[in-house]
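In our numbering, the protein residues as written are -19 to 148.
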């Protein structure tokens, strides 16, 4: 029998209204229950321009939807996009090496991050991004973040379908 959080996510995914936002919000809650976070965002990536675009945020005042970031060929991209590995930084100093907005991140009470890449086949759809207090993303939480990949793929594919059909 699926746990209550998983059942809530499946119900939200099947909801007929306000999609894909309903599914994104359910993924946010599922992620909070499985690994924990203060800040949660979803980013898609344009393979042609390597530009990232935020499609969901639980803190839209600080991290608005449609916020864009230029692509970079840095340690993060090497690990997450090319290596297909989860990125973890458990201190604000480690975050500062990769994310130029580290001061904003810290001002929100976050000093650790986990970025879970979502692939379908060889296609990189985006990343699930969870941030919390320093040292939060233990090896156990990193391992548990694997549970987010299937629901994450469902959400990113729903977003793609929604975009391709013009929001129908």
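Glycine is no exception: its CB is placed at the ideal position from the N, C-alpha and C atoms.
**Prompt:** residue 117 CB to nearest chain D CB: under 8 Å?
**Reply:** Looking at the structure shown, chain D is missing, and only one protein chain is on hand.
**Prompt:** Does DSSP put residue -19 in a helix, in a strand, or in coil?
**Reply:** Reliability fails at residue -19, whose pLDDT of 37 lies under 50, so the model's placement of it is uncertain and the value that follows must be treated cautiously. Residue -19 falls in the coil class under three-state DSSP.
**Item:** Own chain residues within Cβ distance below 7 Å of residue 129, not counting five before or after
**Value:** 96, 98
**Message:** Let me confirm a value: residue 44 is counted as buried when at least 16 other C-beta atoms fall within 10 Å, else exposed. Which label applies?
**Reply:** exposed
**Prompt:** Taking C-beta to C-beta, are residue 139 and residue 23 nearer than 8 Å?
**Reply:** no
**Request:** Can you tell me which of the three DSSP states residue 138 falls into?
**Result:** helix
**Request:** Starting from residue 176, follow the beta strand (DSSP E) in both directions and report where the run begins and ends.
**Result:** In the structure as shown, the chain begins at -19 and stops at 148. Residue 176 is therefore absent and cannot be evaluated.
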